[in-house]
Amino acid sequence: MLSPSRCLPATILVLAALLASACASQPGASPAGTALPVTDAKTLALLDATLAGDHRSAANRARDAWRHPRETLAFFGLRREMTVLEIWPGAGGWYTEILAPLLREQGRYIAASWDPEGASQYVQDGLKAYADKLAARPDLYDRTTVTALQHPGAMQPVQPGSVDLVLTFRNLHNWMARDAAAPMFAAMFAALKPGGILGVVEHRAADNAPQDPQARSGYVREDYAIALAEAVGFELVARSEINANPRDTKDHPRGVWTLPPTYTLGDTDRERYAAIGESDRFTLRFRKPAR
């Protein structure tokens, strides 16, 4: 997850249209012949073994209590034979540690990271850190495919219609900060096979809060995110409170980065923010309509 940055805001008209269309958004039942994928017992057993693996740092495992990877991936219908595309895994590759080993034998894991073309030093450093992580454990990551997805620039990370499951964790606010949310959702839609699934986790703004089109606090309204996805053709099929945190008041002086694990304020009120924990997050499952 990148820190907030400045860019041109989306228009107020677009914001209003998205929020208006979101008001009617409700998860629907699966049409006949388009059953949603369900995580099978063998995948869950492999997931449990991966989560317990010694390749994961103690710090990363400690965050399982907030990020709920087992429940989240099961909610999205992950199966070990899938082709999975993760968008912007970050320099540390938190979910890469889980997905790449799990999919290594029977599936395929593709990491769509930032575009190195003309990248800032910050992005270059992040790309190098991620590459170094993969290179350090070829027994886990040798079959990982690394590609790029970033607007403007590299907007076709994979062959269109080739992916079973696209995942993105706490990235939407970064795309909004760059006025890139719509093209990023369109690229994810294009990557999926008909009937494929998109899983989205994001910091959740209060549903009565005005939505900053740049999401400078890091928080995004759930209805706004749904509208963005539906605008490019996705169908909302399910929501989950797996990653909810009712203690998060969402009014912190430095936005979501005030909370752990970032603690932007340093030691100032650290115990207070530690008691809140990581942010309240929505978890949404979308589908690309089948032909």
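Numbering-wise (numbering that gives the first Met the number 0), the sequence shown opens with residue 0 and increments by one.
Just so it is clear, CB atoms sit at the ideal spot from N, CA and C, and this is done for glycine as well.
Note that the structure is predicted; figures quoted are calculated from it, not measured.
Pairwise C-alpha distance: residue j and residue i
| i | j | result |
| --- | --- | --- |
| leucine 45 | histidine 67 | 16 Å |
| valine 157 | arginine 78 | 20 Å |
| glutamine 149 | threonine 95 | 19 Å |
| glycine 276 | aspartate 266 | 15 Å |
| arginine 269 | tyrosine 262 | 7 Å |
| leucine 72 | arginine 55 | 17 Å |
| threonine 257 | glutamate 234 | 33 Å |
| leucine 98 | proline 36 | 17 Å |
| alanine 273 | lysine 249 | 14 Å |
| glycine 160 | alanine 189 | 6 Å |
| histidine 251 | threonine 143 | 37 Å |
| tryptophan 87 | alanine 289 | 26 Å |
| serine 216 | valine 255 | 6 Å |
| aspartate 211 | alanine 130 | 34 Å |
| alanine 205 | arginine 169 | 16 Å |
| glycine 152 | arginine 253 | 30 Å |
| isoleucine 241 | phenylalanine 281 | 8 Å |
| methionine 187 | arginine 177 | 17 Å |
| aspartate 247 | valine 200 | 16 Å |
| lysine 287 | glycine 194 | 5 Å |
Residues that residue i bridges to, as DSSP identifies them
| i | result |
| --- | --- |
| serine 239 | Thr282 |
| histidine 54 | Answer is none; histidine 54 lacks a bridge partner. |
| histidine 202 | Arg280 |
| leucine 197 | Val165, Phe285 |
| leucine 191 | Val162 |
| valine 82 | The residue you asked about is not valine; residue 82 is threonine in the sequence shown. Arg107. |
Simplified DSSP state of residue i, which is helix, strand or coil
| i | result |
| --- | --- |
| threonine 10 | Interpretation of threonine 10 is limited by its pLDDT of 36, a score under 50 that renders its predicted location unreliable; no figure is taken from the coordinates. |
| lysine 287 | coil |
| histidine 172 | helix |
| leucine 35 | coil |
| leucine 77 | coil |
| asparagine 207 | coil |
| alanine 179 | coil |
| arginine 60 | helix |
Presumed contact (8 Å Cβ cut-off) between residue i and residue j, rounded CB distance
| i | j | result |
| --- | --- | --- |
| arginine 62 | aspartate 47 | Their Cβ separation, rounded to whole angstroms, is 17 Å, which puts arginine 62 and aspartate 47 out of contact at 8 Å. |
| alanine 230 | arginine 284 | The pair is not a contact, with the Cβ atoms about 17 Å apart (cut-off 8 Å). |
| valine 219 | methionine 175 | 7 Å |
| phenylalanine 75 | isoleucine 196 | 6 Å |
The ligand MG heavy atom lying under 6 Å from the CB of residue i
| i | result |
| --- | --- |
| arginine 253 | Among the components of this structure there are no ligands whatsoever, and the ligand MG is therefore not found. |
ask   = Taking only runs of the alpha helix (DSSP H) that begin and end inside the stretch 85 to 164, which ones reach a length of at least 4 residues, in chain order?
value = Along the length of the stretch 85 to 164, whole alpha helix (DSSP H) runs at least 4 residues long occupy 95 to 102, 120 to 135, 137 to 140, reported in chain order.
query = Could you give the uninterrupted runs of the beta strand (DSSP E) lying entirely in the stretch 214 to 274, keeping only those of 3 residues or more?
reply = List check, beta strand (DSSP E) in window: 234 to 239.
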